[in-house]
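I have placed the structure first, in the form of structure tokens, so that the comments after it can refer back to it.
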Amino acid sequence: MGKTNFYHHNEKRLIDIVGLSMNARDQYFEIDSFSFINRIPRDSFWLQQPFEKDYFTITSGKVRMFGLKPIVKKNDTVVYARKIIFSPLNFKVERDKTRPADTTSYRPLLANSLMKIPFPLQIDSLELKRSIIWHNVIDAKTGKEGTIFFSDLDALIRNIRNYEIKDDDSLRLRADAKLMGKGPLYVRFRQSYTDSLQTFLLAARMGSMEMKDLNSILTPLGNARADQGIIDTMWMEIKGNDYFAFGRMTLEYRHLKIALLKKDEQRRNFISWLANLVVKTNNSKQGNIYEDRLRNKSIFNYWAKISMKGLLTNLGVVRNKKQLKKYARTLKAKNLPSDLPDE
């Protein structure tokens, strides 16, 4: 069939699908571009909501689907795709946390969230090429806006499904990107579909980056500022579940100078002096990470808090021993093993 365009425009949003074509014989489906754009300005949109809500902007280049077909299974029809490729996908999500908290009491982690899709689905692999993921958040405590983004993102997500789950089925993610457009970042993620605790493994490695490039997220959310310094390498390994995450981050850095931002000027200067006294003597430091999960928040909120906790622990803003104590208390309170089961 020839190419077709679809447009859905109203007073709130613009949804465009441009250059839609398909070949039923080859089970191939293609879109030249897709966009979802809000007409209402961001701050006006938030003011219209009774509680905090995400503000999305989505655009894409070419979208290709291979092996797209329905599969009849007993009384259900499964939507199946062998491969989906976005070249690229540009996804921006923004949230104002100074607004009242939303009414959602629980959000499952990534693999279990697929079970909420109201029809059977199986995608063997989903690829993102040269994409951008951008997140802005206004912090509830500071009222300041933080920004984190990942450019040049190439990602592969495998085994996306919500039916006929086997014991050894896992959702797997591999991604390479540039953090804040600068630091080369490599991320690997795996989560079991069947583990009752929704256990996941998260590993990340980052190459060289100026510390000051992290201030757009470090200052609004961590009340700290890097005045100088270079990260040579960063390693993070996390094992987490529906209740908490625990792991370690190793940070190798040079010439680091930080400021801890407090309302009290004298206290701020004194604490910053103490923190710099610690970090100056350590150019390779390992920090423990412990983070309770806010179970009404998304997995991406969870990952962001895990990463921020690791960074603040390495910078001396959060104490290492305190993380270990929190971990031990939670294990005892929830009667969990010290080493969470593998997938």
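For the sequence shown, the residue numbers in this note's numbering are 1273 to 1615.
C-beta atoms are modelled at their ideal positions from N, C-alpha and C, and glycine is treated no differently.
These numbers were taken from a predicted model, which means no experiment stands behind them.
*Spell out a yes or no on whether the stretch 1510–1520 and the stretch 1417–1436 are touching, meaning 3 or more CB-CB pairs, one atom from each, closer than 8 Å.*
no
*Please go through the same chain and pick out, in chain order, the residues whose beta-carbon is closer than 6 Å to the beta-carbon of residue 1352, but skip the five residues on each side of it.*
1341, 1343, 1394
*asked:* Short of 8 Å in beta carbon distance, which residues of its chain neighbour residue 1284, apart from the five on each side in sequence? Order them along the chain.
replied: 1310, 1311, 1312
*asked:* Tell me which residues share the same chain as residue 1599 and place their Cβ nearer than 8 Å to its Cβ, disregarding the 5 neighbours each side in the sequence.
replied: Answer for residue 1599: 1516, 1518, 1560, 1562, listed in chain order.
*Could you say which of 1491, 1474, 1375, 1364 lies nearest to residue 1411 if we only look at CA atoms?*
1491
*Do you know how far the Cα of residue 1329 is from the Cα of residue 1536?*
For residue 1536, the predicted structure reports a pLDDT of 45, less than 50, and the residue's modelled location is therefore unreliable. A value from the coordinates is still provided. Their Cα atoms are separated by approximately 39 Å.
*asked:* I need the boundaries of the beta strand (DSSP E) containing residue 1599, first residue and last residue.
replied: Segment 1592–1606 is the alpha helix (DSSP H) holding residue 1599; no beta strand (DSSP E) there.
*Collapsed DSSP secondary structure at residue 1415 in the structure displayed*: Three-state result, residue 1415: coil.
_Any 3 or more C-beta pairs closer than 8 Å across the stretch 1357–1365 and the stretch 1379–1394_ = No contact exists between the stretch 1357–1365 and the stretch 1379–1394.
*Give me whichever residues DSSP pairs with residue 1440 in a beta bridge.*
In DSSP, residue 1440 forms no bridge with anything.
*Considering only residues of the same chain and omitting the five flanking positions on each side of residue 1446, which have a CB-CB separation below 6 Å?*
Listed in chain order, the non-local C-beta contacts of residue 1446 below 6 Å within the same chain comprise 1428, 1460, local neighbours out to five positions each way being set aside.
*List the endpoints of the continuous beta strand (DSSP E) containing residue 1617.*
No statement about residue 1617 is possible, as the shown extent of the chain runs from 1273 to 1615 and does not include it.
*Within the stretch 1366–1424, ranges of the beta strand (DSSP E) (whole runs, at least 3 residues)*: Counting whole runs of 3 or more residues, the stretch 1366–1424 contains the beta strand (DSSP E) stretches 1393–1410.
*Where residue 1316 falls: helix, strand or coil (DSSP)*: helix
*Using the C-alpha atoms, what's the distance from residue 1288 back to residue 1282?*
12 Å
_Coil, strand or helix - residue 1581 by DSSP_ = helix
_Distance between residue 1275 and residue 1354 (C-alpha atoms, nearest Å)_ = 22 Å
*Cβ-Cβ distance between residue 1531 and residue 1506 below 9 Å*: no
_Reference residue 1345; option with closest CA among 1374, 1337, 1392, 1564_ = 1392
*Tell me, please, whether the stretch 1415–1425 touches the stretch 1449–1456 by the rule of three or more beta-carbon pairs shorter than 8 Å.*
Yes: at least three Cβ pairs fall under 8 Å.
*Closest to residue 1566 by CA distance: which of 1356, 1590, 1378, 1504 is it?*
1378
*For the beta strand (DSSP E) holding residue 1276, just list the boundary residues, first then last.*
1276–1281
*Can you say whether residue 1582 is buried or exposed, counting buried as having 16 or more other CB atoms within 10 angstroms of its CB?*
buried
*Have a look at 1315, 1327, 1388, 1500 and flag the residue whose alpha-carbon is nearest the alpha-carbon of residue 1526.*
1500
_Minimum length 4: unbroken alpha helix (DSSP H) runs contained in the stretch 1429–1506_ = 1487–1494
*Where does the unbroken beta strand (DSSP E) through residue 1324 begin, and where does it stop?*
Per DSSP, residue 1324 belongs to no beta strand (DSSP E) and is neither H nor E.
*Cβ of residue 1528 within 9 Å of Cβ of residue 1481?*
no
*What residues in its chain sit with their C-beta under 6 Å from that of residue 1406, if we drop five residues either side in the sequence?*
1364, 1421
_Collapsed DSSP secondary structure at residue 1586 in the structure displayed_ = helix
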